[in-house]
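**Q** A single structure is presented below for examination.
Dropping the structure here:
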């Protein structure tokens, strides 16, 4: 695709037909169309997506100095609209241009997507969304595809079930998909090497719980007139209290590390992979039952849609490399290896936009131009 | 004669004084070009070299764009202007002055933070608790992004800072900063501390070559002759 594409009459007609087919599926299942503004205030993306997305976002300012951007996705503005209007559960869909800096590729591209917001039953929502994506892709003319699935919740459950020093649980959950970085992190934990603020901790060990808070506050005061930034003293007290609870020299047990590494290596036909996980996590089986059953249910739903078992691949370290996913994640790939759609659960986004606590969210986005090229080429 | 080789040197500030001293030691005499109001000069004995006096950050940008052939400026500015330096700008010679470190610094009152891994924890907790990203003030946007990405940190946002970055946490416009420091005393005076593994770059002044500029053979020879003189006197 050229960097600055011009669409001719045939391209436009084909894109329109495809959009009609996809949006038709969304509408049939009760998804209402929304078209957020192309120009968006930059802050809602910067504060939700982090710098990784921002470096690919086109930012500009208007003559009054307000920071704007060309929407890098339609999910965040669509969700924001719902937070402001209220009323759950909500089923919303969109089709339009998104803008991202992609070296060697066009910065603008069409996306069709759907968001299911505030449905209490997560299992039901996951299945509805992945099924919706399948139906939309088929309506757009894609007959053959592979599905890749993962679940950030499975790994999080495993980490919580295992004997892991409390201070490191968050680190493990945040970084499991960064393969090189994660291996080094794990090795440091097993070796008991930690770069945590040791001096402060040494001063606190052996204190009783009720003595901790004043001791920590005294340590902060000793730094004199130093600023806090936007962090509160309570946040510092909380973090140090958690670290003290790990004891003087926490280490990650080597067997625990092996189980984590073994888990993250699992990748292959989905049914067989779940069996591998069951086998590997036998020591904490009771904790893993629920998330494993949820994944089995999703696989069952895909099977019911006529997707052959060997077409669904489970990848344990699959996190869609995006920061806001929290649970089930999926991608659809054409047989010649092009990603045509993806999505998943991102339960923390709605709350960060101001929705009531616990408002769920699951969605998908289809890369309509890539999909059209494949369908046209008969690949 | 063919097109001259352009050499950009700092036009003002501490770095200009140090470059002047370095040239004097190397026996390089700059002669101001009449009528150019001090923005152009020639080098005695090197007729193929045309000197332009620019600000340090303009020199880095000009090297990146290929607007000048050679330049002397801080490595920090070059690496910020040219994130993928390979094939674009070659650092020919570190000059032994203009030393400064680009560092990650946080409030000293954060007694629970001494490493990038700590900062990663804090960024994640902050985003969760405050529903916005922890702010890092800096003029080194590119260096900060790639260093934080290597440290696995993504829950933060950069606040561009034009000057007095070290005051941002006190002013309440950022939680942490990435800035340049020589002795660390300015950071200390502002209640900040450098993270143990928070040194992004140990910078000094560099004699650098732009690969984006045109380099006909005679230009290469003129540049090589000039570099030989610098090298001979500073071995």
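Protein chains in written order, with my numbering: chain H, 32 to 410; chain A, 1114 to 1348. Note that beta-carbon positions come from the ideal geometry of N, C-alpha and C, so glycine has one too. Model, not experiment: these values are computed from the prediction.
With a cut-off of 8 Å, does the C-beta of residue 1297 of chain A fall near any C-beta of chain H?
**A** Position 184 of the second chain, counted from the first residue, corresponds to residue 1297 of chain A. By this cut-off, residue 1297 of chain A is not an interface position.
**Q** Would you say residue 1185 of chain A lies against chain H (beta-carbon separation less than 8 Å)?
**A** On the second chain, residue 1185 of chain A is found 72 positions in, with the first residue counted as 1. Judged by the 8 Å Cβ criterion, residue 1185 of chain A is not in contact with chain H.
**Q** In the structure shown, what three-state DSSP assignment does residue 36 of chain H receive?
**A** By 1-based counting over the first chain, the position of residue 36 of chain H is 5. Three-state DSSP puts residue 36 of chain H in coil, outside helix and strand.
**Q** Run the CB neighbour count on residue 1159 of chain A, radius 10 Å, all protein chains shown included, and call it buried at 16 or more, exposed below.
**A** One-based indexing of the second chain puts residue 1159 of chain A at position 46. Its Cβ being crowded by 16 or more others within 10 Å, residue 1159 of chain A is buried.
**Q** With a threshold of 6 Å on Cβ separation, who are the neighbours of residue 1194 of chain A within its own chain once the five nearest residues in sequence on each side are excluded?
**A** Position 81 of the second chain, counted from the start, is the residue given in the question as residue 1194 of chain A. Counting only Cβ-Cβ distances below 6 Å, and skipping sequence neighbours, we find 1173, 1174 and 1177.
**Q** Helix or strand or just coil, what does DSSP make of residue 106 of chain H?
**A** On the first chain, residue 106 of chain H is found 75 positions in, with the first residue counted as 1. DSSP places residue 106 of chain H in helix when its eight states are reduced to three.
**Q** If the cut-off is 8 Å on Cβ atoms, which residues from the stretch 1264 to 1277 of chain A count as contacting chain H, listed in chain order?
**A** 1265, 1267, 1268, 1269, 1270 and 1271
**Q** Scan the stretch 177 to 201 of chain H for residues whose Cβ lies nearer than 8 Å to a Cβ of chain A and list them as they occur along the chain.
**A** Within the stretch 177 to 201 of chain H, the residues whose Cβ lies closer than 8 Å to some Cβ of chain A are 198 and 201, listed in chain order.
**Q** Measuring straight from C-alpha to C-alpha, what distance separates residue 1325 of chain A and residue 95 of chain H?
**A** One-based indexing of the second chain puts residue 1325 of chain A at position 212. One-based indexing of the first chain puts residue 95 of chain H at position 64. Going by C-alpha positions, residue 1325 of chain A is about 37 Å away from residue 95 of chain H.
**Q** Can you list, in chain order, the residues of the stretch 377 to 407 of chain H whose Cβ is nearer than 9 Å to any Cβ on chain C?
**A** Of the protein chains in this structure, namely H and A, none is chain C.
**Q** Under 7 Å between beta-carbons, which chain A residues line up against residue 78 of chain H? List them in chain order, please.
**A** Locating residue 78 of chain H in the first chain gives position 47, counting from the first residue. Within 7 Å Cβ-Cβ: 1245, 1246 and 1270.
**Q** Between which residues of its own chain and residue 1304 of chain A is the CB-CB distance below 8 Å, once the five residues before and five after are set aside?
**A** One-based indexing of the second chain puts residue 1304 of chain A at position 191. Cβ within range, chain order: 1220, 1221, 1222, 1282 and 1283.
**Q** In terms of residue numbering, what span does the alpha helix (DSSP H) encompassing residue 155 of chain H cover?
**A** In the first chain, the residue the question calls residue 155 of chain H occupies position 124. From DSSP, the alpha helix (DSSP H) with residue 155 of chain H extends over 153 to 170.
**Q** Figure out for me which residue from A/1168, A/1246, A/1293 and A/1245 has the closest Cα to the Cα of residue 1256 of chain A.
**A** As a working mapping, residue 1256 of chain A is identified with position 143 in the second chain. Closest option to residue 1256 of chain A, Cα to Cα, is A/1293.
**Q** I want to verify the contact list: residues of chain H whose CB lies under 7 Å from the CB of residue 1212 of chain A, in sequence order.
**A** As a first step, residue 1212 of chain A must be located in the second chain, where it is residue number 99. The premise fails here: residue 1212 of chain A is roughly 26 Å from chain H at the closest Cβ pair, so nothing lies under 7 Å.
**Q** Please give the ranges of any beta strand (DSSP E) in the stretch 345 to 388 of chain H, keeping only runs that are unbroken, at least 3 residues long and fully inside the region.
**A** Every unbroken stretch of the beta strand (DSSP E) spanning 3 or more residues and falling wholly within the stretch 345 to 388 of chain H is given here in chain order: 359 to 364 and 370 to 376.
**Q** Output the distance between the C-alpha atoms of residue 60 of chain H and residue 159 of chain H, rounded to the nearest integer angstrom.
**A** To locate residue 60 of chain H, count along the first chain from 1; it is residue 29. To locate residue 159 of chain H, count along the first chain from 1; it is residue 128. Each residue's alpha carbon lies about 9 Å from the other.
**Q** Residue 142 of chain H and residue 99 of chain H - do their beta-carbons sit closer together than 8 Å?
**A** Sequence index remark: in the first chain, residue 99 of chain H carries index 68 (1-based). Sequence index remark: in the first chain, residue 142 of chain H carries index 111 (1-based). No.
**Q** In the stretch 248 to 265 of chain H, which residues sit with their C-beta less than 9 Å from some C-beta in chain A, listed in chain order?
**A** 250, 251, 252, 253, 254, 255, 256, 257, 258, 259, 260, 261, 262, 263 and 264
**Q** Along the stretch 37 to 54 of chain H, what residues have a CB closer than 8 Å to any CB found in chain A?
**A** none
**Q** Name the chain H residues that come within less than 9 Å of residue 1370 of chain A, Cβ to Cβ?
**A** Lying before the first or after the last residue shown, residue 1370 of chain A is absent from chain A, which here runs from 1114 to 1348.
**Q** Go through its chain and collect everything with a Cβ distance to residue 1190 of chain A's Cβ below 6 Å, but skip five positions before and after it.
**A** Indexing the second chain from 1 puts residue 1190 of chain A at position 77. Excluding positions up to five away in sequence, the list reads 1169, 1170 and 1173.
**Q** Rounded to a whole number of angstroms, what is the C-alpha to C-alpha distance between residue 172 of chain H and residue 379 of chain H?
**A** Along the first chain, one-based indexing puts residue 172 of chain H at 141. Along the first chain, one-based indexing puts residue 379 of chain H at 348. Their backbone Cα atoms lie some 34 Å apart in a straight line.
**Q** Can you name the residues of chain A whose CB is closer than 7 Å to the CB of residue 271 of chain H?
**A** Here residue 271 of chain H refers to the residue found at position 240 when the first chain is read from its first residue. By Cβ distance, chain A contributes 1225.
**Q** So the alpha helix (DSSP H) residue 229 of chain H belongs to, where does it begin and stop?
**A** The sequence position of residue 229 of chain H within the first chain is 198, counting from 1. In the DSSP annotation of this structure, the continuous segment of the alpha helix (DSSP H) that includes residue 229 of chain H starts and ends at 229 to 235.
**Q** Tell me which residues of the stretch 1153 to 1177 of chain A have at least one Cβ-Cβ distance to chain H shorter than 8 Å, keeping chain order.
**A** From the stretch 1153 to 1177 of chain A, no residue has a Cβ closer than 8 Å to chain H.
**Q** Can you tell me which of H/311, H/376, H/401 and H/399 puts its alpha carbon nearest to the alpha carbon of residue 391 of chain H?
**A** For this step, residue 391 of chain H is matched to residue 360 along the first chain. Of H/311, H/376, H/401 and H/399, the residue nearest in Cα terms is H/376.
**Q** What did DSSP end up calling residue 1310 of chain A once you bin it into helix, strand or coil?
**A** Taking the first residue of the second chain as 1, we reach residue 1310 of chain A at position 197. Three-state result, residue 1310 of chain A: strand.
**Q** Could you confirm whether any beta carbon from chain H is found closer than 8 Å to the beta carbon of residue 1345 of chain A?
**A** In the second chain, counting from the first residue as 1, residue 1345 of chain A sits at position 232. The Cβ of residue 1345 of chain A sits no closer than 8 Å to any Cβ of chain H.
**Q** Alpha helix (DSSP H) containing residue 1282 of chain A: first to last residue?
**A** Counting from 1 along the second chain, the entry for residue 1282 of chain A is found at position 169. Run containing residue 1282 of chain A: 1281 to 1284, per the alpha helix (DSSP H) assignment.
**Q** According to DSSP, is residue 1159 of chain A helix, strand or coil?
**A** Counting from 1 along the second chain, the entry for residue 1159 of chain A is found at position 46. Strand at residue 1159 of chain A.
**Q** Are any of the Cβ atoms in chain H nearer than 8 Å to that of residue 1283 of chain A?
**A** For this step, residue 1283 of chain A is matched to residue 170 along the second chain. Among the residues facing chain H, residue 1283 of chain A is included, as its CB has a counterpart in that chain under 8 Å away.
**Q** Report the three-state DSSP secondary structure of residue 1330 of chain A (helix, strand or coil).
**A** In the second chain, residue 1330 of chain A corresponds to position 217, counting from 1. Looking at residue 1330 of chain A - three-state DSSP - the assignment turns out to be helix.
**Q** What does residue 1220 of chain A pair with, by DSSP beta-bridge criteria?
**A** For the purposes of this step, residue 1220 of chain A is taken as residue 107 along the second chain, with counting starting at 1. Residue 1220 of chain A has A/1305 as its beta-bridge partners, per DSSP.
**Q** Could you work out which residues of chain H lie near residue 1242 of chain A, taking near to mean beta carbons separated by less than 8 Å?
**A** Residue mapping note: residue 1242 of chain A aligns to position 129 of the second chain, counting from 1. Simply 266.
**Q** What does residue 1288 of chain A touch in chain H if you count any residue whose Cβ is under 7 Å from its own?
**A** Counted from its first residue, the second chain places residue 1288 of chain A at position 175. Correct list: 260, 261 and 262.
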